[in-house]
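Colleague:
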Amino acid sequence: LPADIRIISWAPVRPDWSARFAASSRTYHYFFARSHYQLDAMREGARRLVGAHDYRNFCKLDPAVNSFERTIHSFEIKPVNGMRVHDGGMRDGAVGTAGGGELGAESLLAPWVFVIKGSAFLWHQVRCMVAVLFLIGSGREQPSLIDALLDIRCHPARPTYEIAPDAPLLLYSIQYPGLQWTPHAPDTLAGLAEGWAREAEANTLRSAMLHTMRLSLLGATVPPSDPGSRNGGSEAAGGLTIPWRELLHRAGEGLPVGGWGARRGKYLPVLERPTADSLEERTATNEAKKARKEARDTGQVAPARA
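Just so we're aligned, residue 1204 is where the sequence shown starts under the numbering used here, counting upward by one.
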């Protein structure tokens, strides 16, 4: 088997059993860095996504799917268990003094996770939902946007917002009621835990290297100019310089961090953007294509030429 596939248990099933259709629910995890997100607003938005809804504005339309009603059982936002990251004397987002910030404050790079459990999911549904929550968490949208996008009568087609990246998405578990799983072998579990620990250690050490070099930028010298300038502004008279840490402190800022959905530049609200084709428009387009193909196959019309 490939390195990322391991069998740790099995259960007997009928010949007609389907791994897809026999599932009662699925749980996805989507990981992200804490950043400057407004977690209370994101949680409010997540709460509005829970329940039975038509989620066509939170997915990419699949031509084979005609019903977009699904049920979300729970939608949590919480820190990753056992991975709380602290700044050890200087908070990324708010440099309290020239020599440091809030002691023991949570790092803005600390890993957090969305935990979404539902009966089933549409194509890219999780990535669409968290994309909208990132916009809410960045302050660019309000939690009421969720209600608007769930109102299919007012918004029958999805606005063209960017879908969140796929790399942090994990299909964590699938629930199959009634199956009798064989007991797990301790040696198998230990081997899997050790392998994942080695991979996690390598990634953690790589992260520590990047974090160390990032902090080293604070000692770089810059002109003591406009404290609100992102790059230090014009050169100071007499060639005087100060550490970048001091310039950030004067502006009440910290080291810049990322954060999906919080990009700089002019922002167009989601509900003011162009929309993709609605389900009805997509269906009409597909039927027209099918009719043209059938006509060509039967020789009733000549193929269209450019």
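Glycine included, C-beta positions come from ideal geometry on N, C-alpha and C. Computed from a predicted structure; not experimentally measured.
Would Asn1260 and Leu1408 qualify as a contact pair, given that the criterion is a beta-carbon distance under 8 angstroms?
Modeller: Here residue 1260 corresponds to residue number 57 of the sequence shown, with the count starting at 1. Here residue 1408 corresponds to residue number 205 of the sequence shown, with the count starting at 1. Not closer than 8 angstroms, so no.
Colleague: Can the beta-carbon of Arg1417 be found closer than 8 angstroms to that of Trp1315?
Modeller: Within the sequence shown, numbered from 1, the residue matching residue 1417 stands at position 214. Within the sequence shown, numbered from 1, the residue matching residue 1315 stands at position 112. No, Cβ-Cβ distance for Arg1417 and Trp1315 is not below 8 angstroms.
Colleague: Near Ile1366, what residues of its chain come up, given a Cβ to Cβ distance below 8 angstroms and the 5 sequence neighbours on each side ignored?
Modeller: Translated into the one-based positions of the sequence shown, residue 1366 becomes position 163. Around Ile1366: Lys1263, His1327, Arg1330, Cys1331, Ala1334.
Colleague: Any idea if Gly1457 is buried or exposed, counting beta-carbon neighbours within 10 angstroms, 16 or more meaning buried?
Modeller: Reading the sequence shown from its first residue, position 254 is the one you call residue 1457. Result: buried.
Colleague: With DSSP as the reference, label Ala1255 as helix, strand or coil.
Modeller: For this step, residue 1255 is matched to residue 52 along the sequence shown. Ala1255 falls in the strand class under three-state DSSP.
Colleague: Please determine, among Pro1426, Val1460, Trp1463, the residue with the shortest C-alpha to C-alpha distance to Trp1538.
Modeller: Residue 1538 is absent from the model: the chain starts at 1204 and stops at 1509.
Colleague: Can you say whether Val1268 is buried or exposed, counting buried as having 16 or more other CB atoms within 10 angstroms of its CB?
Modeller: For the purposes of this step, residue 1268 is taken as the residue at position 65 of the sequence shown. Result: exposed.
Colleague: Let me confirm a value: Gly1248 is counted as buried when at least 16 other C-beta atoms fall within 10 Å, else exposed. Which label applies?
Modeller: As a first step, residue 1248 must be located in the sequence shown, where it is residue number 45. Buried: at least 16 other Cβ atoms inside 10 Å.
Colleague: Is Ala1267 close to the ligand ADP? I mean its beta-carbon at under 7 angstroms from any heavy atom of the ligand.
Modeller: The model depicted lacks the ligand ADP and carries no ligand whatsoever.
Colleague: Using only the alpha-carbon positions, how far apart do Gly1288 and Lys1492 sit?
Modeller: In the sequence shown, counting from the first residue as 1, residue 1288 sits at position 85. In the sequence shown, counting from the first residue as 1, residue 1492 sits at position 289. It is worth fixing the name first, because residue 1288 is Val in this sequence and not Gly. Straight-line Cα distance between these residues: approximately 54 angstroms.
Colleague: Exposed or buried, Glu1404, counting other C-beta atoms within 10 Å across all chains shown (16 or more means buried)?
Modeller: Taking the first residue of the sequence shown as position 1, residue 1404 is located at position 201. Result: exposed.
Colleague: Here's the rule I'm using: 16 or more other beta-carbon atoms within 10 Å means buried, otherwise exposed. How should Glu1272 be labelled?
Modeller: Reading the sequence shown from its first residue, position 69 is the one you call residue 1272. Exposed, because fewer than 16 other Cβ atoms sit within 10 Å of the Cβ of Glu1272.
Colleague: Could you say which of Pro1346, Glu1279, Ile1355 lies nearest to Glu1483 if we only look at CA atoms?
Modeller: The residue given as residue 1483 occupies position 280 in the sequence shown. Nearest C-alpha to Glu1483: Ile1355.
Colleague: Which ranges does the beta strand (DSSP E) cover as unbroken runs of at least 3 residues, wholly within the region 1219-1275, from first to last along the chain?
Modeller: You should have 1228-1236, 1254-1257.
Colleague: So is Met1286 buried or exposed if we call it buried at 16+ other beta carbons inside 10 Å?
Modeller: Numbered from its first residue, the sequence shown carries residue 1286 at position 83. Its Cβ having fewer than 16 others within 10 Å, Met1286 is exposed.
Colleague: If you draw a straight line from the alpha carbon of Glu1397 to that of Gln1241, how long is it in whole angstroms?
Modeller: Here residue 1397 refers to the residue found at position 194 of the sequence shown. Here residue 1241 refers to the residue found at position 38 of the sequence shown. For Glu1397 and Gln1241, the distance between alpha carbons rounds to 36 angstroms.
Colleague: On a CA-only basis, which of Thr1391, Thr1478, Ser1228, Leu1336 is nearest Arg1246? Give me that one, please.
Modeller: Indexing the sequence shown from 1 puts residue 1246 at position 43. Of the listed residues, the one whose Cα sits closest to Arg1246 is Leu1336.
Colleague: Secondary structure at Gly1340, three-state DSSP: helix, strand or coil?
Modeller: Translated into the one-based positions of the sequence shown, residue 1340 becomes position 137. Helix.
Colleague: What ranges does the beta strand (DSSP E) occupy inside the region 1313-1391, keeping only unbroken runs of at least 3 residues that lie completely in it?
Modeller: 1314-1321, 1372-1378, all fully within the region 1313-1391.
Colleague: Return the chain-ordered list of same chain residues with a C-beta closer than 8 angstroms to the C-beta of Ile1211, the five sequence neighbours on each side being excluded.
Modeller: Along the sequence shown, one-based indexing puts residue 1211 at 8. Excluding positions up to five away in sequence, the list reads His1387, Ala1388, Thr1391, Leu1392, Leu1395.
Colleague: Cβ of Ala1479 within 8 angstroms of Cβ of Ile1377?
Modeller: Along the sequence shown, one-based indexing puts residue 1479 at 276. Along the sequence shown, one-based indexing puts residue 1377 at 174. Result no, Cβ atoms of Ala1479 and Ile1377 do not sit closer than 8 angstroms.
Colleague: In this structure, how does DSSP classify Val1288 when only helix, strand and coil are distinguished?
Modeller: In the sequence shown, counting from the first residue as 1, residue 1288 sits at position 85. Here Val1288 sits in coil by DSSP.
Colleague: Tell me the rounded alpha-carbon separation between Leu1451 and Val1253.
Modeller: Against the sequence shown, residue 1451 aligns to sequence position 248. Against the sequence shown, residue 1253 aligns to sequence position 50. Leu1451 and Val1253: Cα-Cα distance of roughly 41 angstroms.
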